[in-house]
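This report refers to the structure that appears directly beneath it.
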Amino acid sequence: MLNIVLFGPPGAGKGTQSERIIEKYGLVHLSTGDIFRYNLKEGTELGKLAKSYMDKGQLVPDEVTINMLNESVEKNPAAKGFIFDGFPRTKAQAAALDNFLESKSVDVTAMIALDVPEEELKDRLKKRALASGRTDDANPAIINNRISVYKNETAPVKDFYQVQGKFHSINGLGSIDEITTRIFTVIDSL
Ligand code: AMP
530 MLNIVLFGPP
540 GAGKGTQSER
550 IIEKYGLVHL
560 STGDIFRYNL
570 KEGTELGKLA
580 KSYMDKGQLV
590 PDEVTINMLN
600 ESVEKNPAAK
610 GFIFDGFPRT
620 KAQAAALDNF
630 LESKSVDVTA
640 MIALDVPEEE
650 LKDRLKKRAL
660 ASGRTDDANP
670 AIINNRISVY
680 KNETAPVKDF
690 YQVQGKFHSI
700 NGLGSIDEIT
710 TRIFTVIDSL
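Under the numbering used here, residue 719 is the last one in the sequence shown; the count climbs by one each step, no gaps.
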């Protein structure tokens, strides 16, 4: 099984690149942000709970997020592998993912981190807000909060995979095609 954690701050291009990776390698794309937004649109209890955190640019609590992710994996028993996009975002989530996959006798193959400078992220998020209508992309205070949550809580997740020898960082600047090529080079070397 090929299980890739696609990592990076908000606006790094995880969603865009995930689409290309699933196409080439036949993986299932699991984006926790997308699943929360779907629940929000459908007005589920989970969506209502998630909204209170998303609207502030905060993380949804680990327990809720981990359960949701595990259920999404369970819904795809025939998957050749997964792209985890926007998950894990805390060390507790990373440990939970390891335990869950281990219970299925599989593991995370690699984390691929997209490295993008902060000014570029803010620029991209502003542009994305116009196209996607995402309110958390349109508000500078929420963007700043998401970036600081990333620095404080999410960036340390790199260490979790680094000690396992699974961490790969790539330059996230350039054309979408150039970045895709860099990601494919890493995956093909695994
Ligand atoms: P994203 O689409 O990945 O930018 O996620 C949008 C929002 O969903 C985040 O700002 C969080 O509020 C929430 N979210 C997404 N993934 C996670 C996660 N792994 N843990 C906690 N909250 C999450």
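Just so it is clear, CB atoms sit at the ideal spot from N, CA and C, and this is done for glycine as well.
The structure displayed is predicted, hence computed values, not measured ones.
Given residue i as reference, the closest of the options once Cα atoms are compared
| i | options | result |
| --- | --- | --- |
| Gln-546 | Val-715, Ser-718, Thr-709 | Thr-709 |
| Leu-588 | Leu-643, Arg-653, Lys-620, Ala-660 | Lys-620 |
| Glu-631 | Pro-646, Lys-651, Asn-700, Val-602 | Val-602 |
| Glu-682 | Ile-533, Pro-538, Asn-532, Val-534 | Pro-538 |
| Phe-616 | Val-715, Phe-565, Tyr-554, Leu-719 | Phe-565 |
| Asp-688 | Ala-639, Leu-559, Tyr-554, Asp-563 | Ala-639 |
| Val-637 | Gly-576, Val-678, Leu-719, Lys-553 | Leu-719 |
| Tyr-679 | Lys-577, Glu-647, Asn-568, Leu-578 | Glu-647 |
Opposing strand residues paired with residue i [DSSP bridges]
| i | result |
| --- | --- |
| Phe-613 | Val-534, Leu-559 |
| Ile-720 | The structure shown does not extend to residue 720, since the chain spans only 530 to 719, so no value can be given for it. |
Residues of its chain near residue i, where Cβ-Cβ distance is below 6 Å and the 5 sequence neighbours each way are ignored
| i | result |
| --- | --- |
| Phe-629 | Asn-599 |
| Gly-576 | Asn-568, Leu-569 |
| Asn-532 | Gly-610, Phe-611, Val-637, Thr-638 |
Rounded separation between residue i and residue j - CA only
| i | j | result |
| --- | --- | --- |
| Gln-693 | Pro-590 | 25 Å |
| Val-635 | Met-530 | 7 Å |
| Leu-702 | Leu-659 | 21 Å |
| Ile-612 | Val-534 | 6 Å |
| Thr-609 | Gly-542 | Note that residue 609 is Lys in the sequence shown, not Thr. So the two alpha carbons sit approximately 23 Å from each other. |
| Thr-561 | Asp-627 | 17 Å |
| Tyr-690 | Asn-668 | 32 Å |
| Gly-544 | Pro-606 | 23 Å |
| Glu-574 | Arg-618 | 22 Å |
| Arg-663 | Lys-656 | 11 Å |
| Lys-570 | Asp-706 | 31 Å |
| Lys-604 | Ser-704 | 34 Å |
| Gly-555 | Ile-716 | 13 Å |
| Thr-714 | Glu-552 | 15 Å |
| Lys-580 | Asp-563 | 12 Å |
| Ser-677 | Met-597 | 24 Å |
| Ser-661 | Asp-652 | 14 Å |
| Lys-633 | Glu-548 | 25 Å |
| Ala-684 | Phe-536 | 9 Å |
Same chain, Cβ closer than 7 Å to residue i, neighbours up to 5 away in sequence not counted
| i | result |
| --- | --- |
| Ser-698 | Ala-642, Asp-644 |
| Ile-729 | Residue coverage of the chain in this structure runs from 530 to 719, which leaves residue 729 outside it and unanswerable. |
| Ala-595 | First, the residue type needs correcting, since residue 595 is Ile and not Ala in the sequence shown. Closer than 7 Å at the Cβ level, and outside the excluded window around Ile-595, lie Gln-622, Ala-625. |
Close-in-space but distant-in-sequence residues of the same chain around residue i (CB under 8 Å, 5 per side omitted)
| i | result |
| --- | --- |
| Asp-665 | Met-583, Asp-584, Gly-586, Ile-671, Ile-672, Arg-675 |
Expected contact under 8 Å - CB spacing of residue i and residue j to nearest Å
| i | j | result |
| --- | --- | --- |
| Ile-623 | Val-686 | The question names Ile, but residue 623 in the sequence shown is Ala. With 8 Å as the limit, Ala-623 and Val-686 qualify as a contact, their Cβ atoms being about 5 Å apart. |
| Gly-540 | Leu-650 | 4 Å |
| Leu-654 | Asp-614 | So it is not a contact: roughly 16 Å between Cβ atoms. |
| Val-557 | Leu-578 | With a Cβ gap of about 24 Å, Val-557 and Leu-578 do not count as contacting. |
Short CB-CB distance (under 8 Å) between residue i and chain B
| i | result |
| --- | --- |
| Lys-655 | Here chain B cannot be found, since the structure has a single protein chain. |
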